[in-house]
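For the sequence shown, the working numbering assigns the number 7 to the initial residue and increments by one for each residue that follows. Reading through the structure tokens given below for one structure.
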Amino acid sequence: MSLSESLAEPIAGSGIDAAAATVSALSAALSPGTLTAADLAAYYLARIERLNPQLRAVITVSPAAADEAAASDARRAAGGPRGLLDGIPVLVKDNIAAAGLPATAGSPALTGAASDDAFLVSGLRRAGAVIIGKANLSEWANFRSRPSSSGWSTLGGQAVNPCGVGRSPSGSSSGSAIAVAAGLAPLAIGTETDGSIMSPAAACGVVGLKPTLGLVSRTGIVPISAAQDTAGPMTRTVADAAVLLSVIAGTDADDPATGQAASQAAGYATFLDPGALAGARLGVWREGSAMAGRATAGLLDEAVARLRGLGARVIDPVQLADADRIHEPEFAALLPEFKHDITAYLRGLGGDHPVSLAGLIDFNLRNGGVTLAHFGQELFEQAEATSGNLADPGYLASRGDALRLARGALDGALTEHRLDAVIALTGSPAWLIDPVLGDHHVFGTSSPAAVAGYPALTVPAGQVSGLPVGLSFMGPPWSEPRLIALGYAFEQAAGRPAAQP
């Protein structure tokens, strides 16, 4: 059965199929009882059981999903208040803790960890969402080895892109992107340090939103770097991303970075505007697109023409000064940040597991026949070789340089051309999975926004030989309302590309 045929499978006689299963459509069917939350959860759990052995998108399903769905139906029957996502299934990346479902980061080292709800999972539950399981990911959010294969983890195996045979889903939020693309869940949560929401969303043909650093709490999420880590929505539509962001955003006393979150917009769906591109000023960053071939670069030309046709004032091209210099200081800063942050996280985590980065390295060495069967732990070892001291002058210089370059690149372009957003292709089409040499990534444009802590939204822009490519909208901090409006207007005009086998 092809992906398009699979997505056409109806949901419990509701007249809705997996391709059309948006929050608004599902909520509309649930409200009059045309569809029950129990039926909806059963539908997605059955799809996971049938399709996941090939896709490897889900590490585990929640044994409490049926009870959570039944509780939603009971609330509805009683006529009581219901949340924005009442009865809607959500899949959560497996570096985010949920009650009864520890955040493993794809590693057996953390299967014995305690599993209280992460702050954002508590928000999902307050909104009535049904947590149906945990999504596979690049192990340790792709911060264990070089080389590595996106979507591979010891616990989950090699996740595969549903849009092309043998193609990578990119990562590290691989399973979240695959699950939404293949109709294993209508909504998913991913996380990003640099590219881990944006890249897999684009490669799998779905919407990904990386919020401003501090809009979404990191409490209960396995860290790489507090300077860059965030969680965000991965959905089929921009409207669903807006609803999901409204639920997970907010101030958390245990995450000081979220201090300004409560003062930001709360109902992001109110910014959905099909006419938002009229008069918008957009700058085109053509970084890397030509490297991926004429057909890929042509999608950017088509997007620019469509944007202009919708009334946008497009400056093409714009330069992001010194953006090519971001990676070196970023990587130099991430190594000690990871050692510091993962050790602090592990020491504060209940349960049975290693309590330091050195302990994780030792765990992998002792279980190497399983954990190191395909790739090593070079990044773990490089991080362990640092002091992990975030007061070290060398570290502070690296983080300062990375931040200055990333913010300078985006702020410079946004200010010089008075832009609402910088646009770019999110990355190259999916490459063939290589279990020996790892990823064959051609280009990506996530780093400026990721390192600066600024928001970015990727929306499907078209396909090259059936492989999806995304268009990114990047803006200044706290500009999620504007990016959502722009991305929605583009999406509505472009339409959703047909699913491929």
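Don't be surprised by glycine CBs; every beta carbon is placed ideally from N, CA and C. In this text, all values refer to a predicted model and were calculated from it rather than measured experimentally.
Quiz item: Taking DSSP as the reference, what is the three-state secondary structure of A248?
Solution: helix
Quiz item: If you check the beta carbons only, do A191 and V96 fall under 8 angstroms apart?
Solution: yes
Quiz item: Taking DSSP as the reference, what is the three-state secondary structure of T243?
Solution: coil
Practice problem: Note down, in chain order, each residue of its chain lying with its Cβ closer than 7 angstroms to the Cβ of V253, except the 5 sequence neighbours on either side. | Solution: L90, L91, G129, L130 and A133
Quiz prompt | DSSP bridge partner residues for Q164 (one or two, in chain order) | solution = W158
Practice problem: Kindly indicate the opening and closing residues of the alpha helix (DSSP H) around E11. | Solution: L9 to L13
Quiz item: Residue ranges of each beta strand (DSSP E) run of no fewer than 3 residues wholly in the segment 176-256, ordered along the chain?
Solution: 193-198, 213-216 and 236-241
Quiz prompt | CA-to-CA distance, M297 to V448, given in whole angstroms | solution = 7 angstroms
Self-check item: Anticipated Cβ contact below 8 angstroms, K99 with G196, distance rounded
Solution: 5 angstroms
Quiz prompt | Cutoff 6 angstroms; reference V361; Cβ partners in own chain excluding five residues on either side | solution = L352 and R353
Quiz prompt | Which residues DSSP lists as bridging D23, in chain order | solution = P16
Exercise. Scan the segment 274-349 and note each continuous alpha helix (DSSP H) run of 4 residues or more that stays entirely inside, going in chain order.
Key: 300-315
Quiz item: How would you label F386, buried or exposed, when you count the other beta carbons within 10 angstroms and need 16 or more for buried?
Solution: buried
Practice problem: Please work out which residues of its chain come closer than 6 angstroms, Cβ to Cβ, to L36, disregarding the five sequence neighbours upstream and downstream, and give them in chain order. | Solution: G93
Quiz item: For V127, which three-state DSSP category applies?
Solution: helix
Exercise. Could you tell me which of P229, Q498 and V212 sits nearest to T241, measuring between CA atoms?
Key: V212
Quiz item: What's the C-alpha gap between A456 and G201?
Solution: 7 angstroms
Exercise. Pick helix, strand or coil for Q506, following the three-state DSSP scheme.
Key: Caution is warranted here: a pLDDT of 47 is assigned to Q506, below 50, making its placement in the model unreliable, and no coordinate value can be reported.
Quiz item: Considering I65, what are the terminal residues of the beta strand (DSSP E) in which it resides?
Solution: V64 to V67
Quiz prompt | Residues near A495 in its chain [Cβ-Cβ closer than 7 angstroms; skip 5 each side] | solution = D279, P280, G281, A282, L283 and L316
Quiz prompt | Nonlocal neighbours in the same chain, by C-beta distance under 8 angstroms from D368, ignoring five residues either side | solution = P360
Quiz prompt | C-beta contact flag for L143 and S180 at 8 angstroms | solution = yes
Quiz item: Does DSSP classify S269 as helix, strand or coil?
Solution: helix
Quiz item: Quick one: does the C-beta of S68 sit closer than 7 angstroms to a heavy atom of the ligand COA?
Solution: Absent from the structure shown: the ligand COA. Ligands present: none.
Quiz prompt | Neighbourhood of V324 by C-beta distance below 7 angstroms, restricted to the same chain and skipping five residues each side | solution = G289, V290, W291, A419, H423 and V428
Practice problem: Note the first and the last residue of the continuous beta strand (DSSP E) segment covering T464. | Solution: A462 to V470
Self-check item: D445 versus P168, A52, A71 and S154, residue with shortest Cα-Cα distance
Solution: S154
Self-check item: Bridge-paired residues (DSSP) for A141
Solution: V64 and K99
Self-check item: DSSP state of R88 mapped onto helix, strand, coil
Solution: coil
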